[in-house]
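Residue numbers (my numbering): 470 to 836. Idealized CB from N, CA, C, for every residue including glycine. All of these numbers come straight from a predicted model, not from anything done at the bench. Below is one structure; the comments refer to it alone.
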Ligand SMILES: Cc1cc2nc3c(=O)[nH]c(=O)nc-3n(C[C@H](O)[C@H](O)[C@H](O)COP(=O)(O)OP(=O)(O)OC[C@H]3O[C@@H](n4cnc5c(N)ncnc54)[C@H](O)[C@@H]3O)c2cc1C
């Protein structure tokens, strides 16, 4: 009989616990610092939880080679089968994004938590502060159980209130791991000299991230203008590519407001109607009348990303070179790391939950 400790009952921890449930080779203890489990999973996808994507590509992640390798072992089809096996019905939209049929994230949490077999022990309101090795076993805080394996599944500080951050994964301190700086990802940007007149406006655009004059990434989607910057899924995705840049100075976002009518001659329109009122969102037109701009190439200079508290995930975390193919720490045999604690982040569309679940599946297969 092997004893396993899972630290964190979020997406990856709960998925692993469910895999282990009823496996008579294993006694599993899940430690969760909060009163509730699966908090981020519940918040995911605007409460609908976009749990993975049928069209997932390695390039959507910050480490495409690592993702390519993982996708050879765990495909979206395999994940779908695993969820179907535990009774979750799913729907897929035209972009390949997969949601629970209920369109309610709590369904996923309930499915993972309900009817866990007696070999899985869930302890909430236990924040793990220390892990230590003695006589070939691992120990968690003052828990007397000698563990054969510990699985780190504690996520990151993205989207947490500031006060909680100082406690972030303090139990990692003694292990000497390479941990890359945590930066907000899937987050909006504050903009220099921001045209506040646009606040509240939402429009479909093609958005392009530039570093100087070099195009970094371009994609279509809806942009939302906030009080001091911009957000919306297309902008969150640009933030993932922004984080991959070593030098983040001199970055800007270019918006094409006319991409659905690319060949339309704006100058002729202006000559004929003396305004862009019939062409643009009213707030964009108000701005144009104050300060004319190129409606196919509207440049906004990035000041900085919004705070981690507004980010969906973190870029950074435990360096992927610290783990082997099975997500085991190379320098601490017996310990596995999964989900967002690793320096792996993906774009919107189910990439991050896919990684959390897929890494848990690989860990389970190696326990
Ligand atoms: C608003 C929002 C929307 C999102 N939408 C989507 C989406 O639609 N699709 C998608 O793919 N991704 C989405 N994500 C990202 C996704 O939710 C995360 O990437 C995913 O939940 C990470 O799973 P995890 O298991 O690594 O960590 P988490 O789910 O964050 O779980 C970590 C758990 O560990 C606990 N913990 C931390 N430290 C300790 C400790 N010391 N002791 C005990 N317990 C501890 C935490 O309380 C938490 O319960 C979204 C994120 C947010 C914030």
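Going by beta carbons, residue 676 and residue 475 fall outside the 8 angstroms limit. With a cut-off of 7 angstroms, the C-beta of residue 487 is classified as distant from ligand 1, since no heavy atom of the ligand falls inside that distance.
In the same chain as residue 818, and ignoring 5 residues on each side of it, the C-beta atoms closer than 6 angstroms to its own belong to 522, 566, in chain order. For the pair residue 534 and residue 747, the Cα-to-Cα distance works out to about 47 angstroms. Residue 744 is classed as exposed because its beta carbon has fewer than 16 other beta carbons within 10 Å across all chains shown. Here DSSP, grouped into helix, strand and coil, assigns residue 714 to coil. CA-CA distance, residue 583 to residue 505, rounds to 14 angstroms. Runs of the beta strand (DSSP E) lying entirely within the region 541–609 and spanning at least 3 residues, in chain order: 559–561, 566–569, 589–592, 600–603, 606–609. In the structure shown, residue 806 falls within a strand segment according to DSSP collapsed to helix, strand and coil.
Rounded to the nearest angstrom, the Cβ distance from residue 769 to residue 699 is 7 angstroms, consistent with a contact under 8 angstroms.
Taking 8 angstroms as the cut-off, the beta carbon of residue 714 is found no closer than this to the beta carbon of residue 692. Out of 665, 729, 488, 829, the CA that lies nearest to the CA of residue 795 is found in 829. Judged by beta-carbon spacing, residue 548 lies beyond the 8 angstroms limit of residue 486, meaning their Cβ atoms are not closer than that value. When DSSP states are grouped into helix, strand and coil, residue 772 belongs to the strand group. In the structure shown, the three-state DSSP call for residue 671 is strand. The three-state secondary structure of residue 704, taken from DSSP, is helix.
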